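Written below as structure tokens is the structure these notes are about.
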Ligand code: C2O
Ligand code: CU
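Numbering (my numbering), first residue to last: 1179 to 1660.
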């Protein structure tokens, strides 16, 4: 009874409180909740729901996240240097604004590597006072390289350096951003693209473009750093791979006008047998990536653009402007798109752990931040997570360190191509089940990638038994990953 009442109280009071607090702060991206002095994000102690014993299991075989590094590899090494600094960004087509940048621009440099390359990135912090990190969003890499302040490393303070090193195992479209005060720092401009080109491609194309959609400094809507849209070269008859990255918090409904298109990849993972589509809005949640394949018409232009923001407009090729989509055109539905392919992962299979996460306005299962019990897993487990959207705006839920498979939507198994991703966008009332294999020991964040929501409570952990961290989150260390 008591639990029921507390739960109800949380469900009702937290949303109301948050609305009030958010309004008072006038921006939901600000940290409004009191943060403790010191938290160990690596604990497994508060679990216990769904029948799993939750105490920290001390088996004597404990491993520190810091020691989980990339193994030796044969591929070529690609080395990059990124310097975070306070600058003023000269925005083509817009106003010069204050920004925090990697190498002087936002987005920072596009890092292009090949599948199998060893990626070495030397991060320096020039003058970002609260410190910075780089999180490689969507990349499956060892725990120590995940770039989460207070979990996998300390924030890199002004004058300090940190070198990341990982093998780009999975080809696809990824991005990077600071994971120290990520809500504020990503908005201020500490973001960039990471493209891993495939060794052998399933899809043929003549041109390959990657485009970041971002809202800088909470003011300007930028398409690859421009405030007035982007024009990309493409000739009639050519096929273009367009990699769209939503680095903003809100869902972007993107349309393609002037040609058929295929969705060939979501979150960097290829789809199987994607068929041609025409005139559908593609909902791209915060942090998500969609790759489109478009063949240019014989005469005329193709436009890929946002339903809501005219600044987010990509014009491909020259010629007559295409007729735009109806505002209430169909919405792209990945649950029945493409061709099925057996991989042995089904809703009926036996799972070692099943978890249920109910998403409120700014809470998960009625709790926030470190008060949300971590999902505890053991290496080798098959894990199922059920997400249910209960309240508030869209929640693009993102998991670090793993690629999961989407099993069901609203109780119905997916019937098209398998969908592998690192995030799942939940719109009002949605219920999704996802599955992943616990094959990457570590301490991994699981959070809403509306980073404003994350900074206000929708942040939790997936923790492997026996993995610890020497780092701490909190006001004492100054590590606040959001
Ligand atoms: Cu873009 Cu914790 O992630
Ligand atoms: Cu959210």
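Glycine included, every Cβ here is placed at the ideal spot set by N, Cα and C. Quantities reported herein were computed from a predicted structural model and do not represent experimental measurements.
Compute the beta-carbon to beta-carbon distance between residue i and residue j, rounded to the nearest angstrom, for a pair I have assumed lies under 8 angstroms.
| i | j | result |
| --- | --- | --- |
| residue 1283 | residue 1275 | Between residue 1275 and residue 1283 the Cβ distance is about 12 angstroms, and since that is not below 8 angstroms, they are no contact. |
| residue 1482 | residue 1554 | Actually they are not in contact, since the Cβ atoms of residue 1482 and residue 1554 sit about 42 angstroms apart, beyond 8 angstroms. |
| residue 1314 | residue 1372 | 6 angstroms |
| residue 1262 | residue 1310 | 5 angstroms |
| residue 1333 | residue 1630 | The pair is not a contact, with the Cβ atoms about 20 angstroms apart (cut-off 8 angstroms). |
| residue 1588 | residue 1609 | 5 angstroms |
| residue 1417 | residue 1383 | 5 angstroms |
| residue 1576 | residue 1627 | 4 angstroms |
| residue 1648 | residue 1338 | The Cβ separation is near 17 angstroms, so there is no contact. |
| residue 1492 | residue 1390 | So it is not a contact: roughly 11 angstroms between Cβ atoms. |
What is the DSSP secondary structure of residue i, reduced to helix, strand or coil?
| i | result |
| --- | --- |
| residue 1547 | helix |
| residue 1327 | strand |
| residue 1514 | helix |
| residue 1558 | coil |
| residue 1585 | strand |
| residue 1358 | coil |
| residue 1303 | strand |
| residue 1257 | strand |
| residue 1417 | strand |
| residue 1411 | coil |
| residue 1378 | coil |
| residue 1365 | helix |
| residue 1288 | coil |
| residue 1590 | strand |
| residue 1322 | helix |
| residue 1599 | strand |
| residue 1426 | coil |
| residue 1565 | strand |
Are residue i and residue j closer than 8 angstroms when you measure CB to CB?
| i | j | result |
| --- | --- | --- |
| residue 1357 | residue 1619 | no |
| residue 1599 | residue 1560 | no |
| residue 1398 | residue 1264 | no |
| residue 1392 | residue 1285 | yes |
| residue 1446 | residue 1351 | yes |
| residue 1474 | residue 1525 | no |
| residue 1278 | residue 1366 | yes |
| residue 1291 | residue 1374 | yes |
| residue 1601 | residue 1465 | yes |
| residue 1489 | residue 1436 | no |
| residue 1326 | residue 1248 | no |
| residue 1353 | residue 1306 | no |
| residue 1385 | residue 1412 | yes |
| residue 1542 | residue 1639 | no |
What is the residue span of the beta strand (DSSP E) that residue i lies within?
| i | result |
| --- | --- |
| residue 1537 | 1531-1537 |
| residue 1484 | 1480-1484 |
| residue 1468 | 1467-1473 |
| residue 1436 | No beta strand (DSSP E) contains residue 1436, which DSSP labels as neither H nor E. |
| residue 1275 | 1275-1280 |
| residue 1340 | 1339-1345 |
| residue 1386 | 1385-1394 |
| residue 1399 | 1398-1401 |
| residue 1611 | 1609-1615 |
| residue 1243 | First-last for residue 1243: undefined, no H or E at that position. |
What are the start and end residues of the alpha helix (DSSP H) that includes residue i?
| i | result |
| --- | --- |
| residue 1632 | 1629-1633 |
Task: Closer than 6 angstroms: residues whose CB approaches a heavy atom of the ligand C2O - done: 1313, 1315, 1355, 1357, 1465, 1576, 1578, 1623, 1625 and 1627
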